[in-house]
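Participant:
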């Protein structure tokens, strides 16, 4: 399956799209992320880019959202197999298109979008500078970009994340964003699954086997509190 040049590998969704769909359904059932975005930069009547859109789970939301419908929505995804799934998902939505491409070479014209949504894709701090340059190229002046990422400094999930990904240092990541003019909303969302089996399956694709076994041995139930950073910048 072809992958666009410059993409950062995402084994969770690339190798397990069905399980990642379960994760998407379980993440932020209260809609805190989208509410925070809408308070900062409403997308009603504007052109929105969902960068790293995966199977297109969020694309219909931007076109039909209770926070207002975007004028147009384009999903960009580097993995050809996921592009095909996303296109099937939105085939009845005339305002939504899906194209293959990477954050480092967006297949978009300069100054062509007003709002960008990136959720757990490519923009993880140092190393994402080529993608930041592309955002500066495609976002219109007065537009806004949002990057959703994990906050490992707090919450139960943050504890799991620190254990599973000890090389990701918030003391490096946070100054990276702040020094480039990005601002932050610290949100505490949650995962809430329909069953314990669903939680176990998702933990299994997000963590190495040793860490996953530790998590499941120490955590009961079907949900977990989950801290995220909503990074954003006006252009």
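Residue numbers (my numbering): 1 to 235. Glycine included, each C-beta is placed from N, C-alpha and C at the ideal position.
#1: Taking the alpha-carbon positions, what's the residue 316 to residue 92 distance?
#2: Report the option in 61, 44, 216, 53 whose CA atom is closest to the CA atom of residue 160.
#3: I want to know whether the stretch 126-133 touches the stretch 61-72 - three or more CB-CB distances under 8 Å.
#4: Taking the C-alpha atoms as reference points, what is the distance between residue 220 and residue 143?
#5: Just the Cα atoms here: how many angstroms apart are residue 156 and residue 80?
#6: Below 8 Å between beta carbons: does that hold for residue 134 and residue 97?
#7: Might you give, ordered along the chain, the residues of its own chain that have their beta carbon closer than 7 Å to the beta carbon of residue 206, omitting 5 neighbours on each side?
#8: DSSP on residue 38, reduced to helix/strand/coil?
#9: What is the C-beta distance between residue 223 and residue 212, in whole angstroms, given that I count them as a contact (C-beta under 8 Å)?
#10: Can you tell me the Cα-Cα spacing of residue 36 and residue 209, whole angstroms?
#11: Please state the DSSP three-state secondary structure of residue 146.
#12: So what does DSSP say about residue 201, is it helix, strand or coil?
#13: Starting from the N-terminal side, write out each stretch of the beta strand (DSSP E) that is 3 residues or longer and does not extend beyond the stretch 124-194.
#14: Using CA coordinates, which residue listed in 10, 115, 2, 184 is at the minimum distance from residue 71?
#15: State the start and end residues of the unbroken alpha helix (DSSP H) segment that holds residue 83.
#16: Give the secondary structure of residue 55 by DSSP, where H, G and I count as helix, E and B as strand, and everything else as coil.
#17: Going by beta carbon distance, what residues of the same chain come within less than 6 Å of residue 138, once the five residues before and after it are set aside?
#18: Excluding the 5 residues preceding and the 5 following residue 183 in the sequence, name in chain order all residues of the same chain whose CB lies nearer than 6 Å to its CB.
#19: What is the DSSP secondary structure of residue 122, counted as helix, strand or coil?
Facilitator: Reading from the atomic positions:
#1: Nothing can be reported for residue 316: it is not among the residues displayed for the chain, which extend from 1 to 235.
#2: Measuring from the Cα of residue 160, the nearest candidate turns out to be 216.
#3: Counting Cβ pairs under 8 Å, fewer than three are found: no touch.
#4: If you take the alpha carbons of residue 220 and residue 143, they lie about 42 Å apart.
#5: Rounded to the nearest whole angstrom, the CA to CA distance from residue 156 to residue 80 is 34 Å.
#6: No, Cβ-Cβ distance for residue 134 and residue 97 is not below 8 Å.
#7: Taken in chain order, the residues that qualify are 12.
#8: The answer is helix: DSSP assigns residue 38 an H, G or I state.
#9: The pair is not a contact, with the Cβ atoms about 17 Å apart (cut-off 8 Å).
#10: The alpha-carbon separation between residue 36 and residue 209 amounts to approximately 34 Å.
#11: Correct three-state label for residue 146: strand.
#12: If DSSP states are grouped into helix, strand and coil, residue 201 belongs with the helices.
#13: The qualifying runs are 139-150, 183-192.
#14: Nearest of 10, 115, 2, 184 to residue 71, Cα basis: 115.
#15: 80-89 is the span of the alpha helix (DSSP H), which, as asked, contains residue 83.
#16: Residue 55 falls in the coil class under three-state DSSP.
#17: Around residue 138, the same chain offers 106, 108, 112, 113 as residues with beta carbons nearer than 6 Å, after the five sequence neighbours per side are excluded.
#18: Excluding positions up to five away in sequence, the list reads 232.
#19: Residue state, collapsed to three classes: coil.
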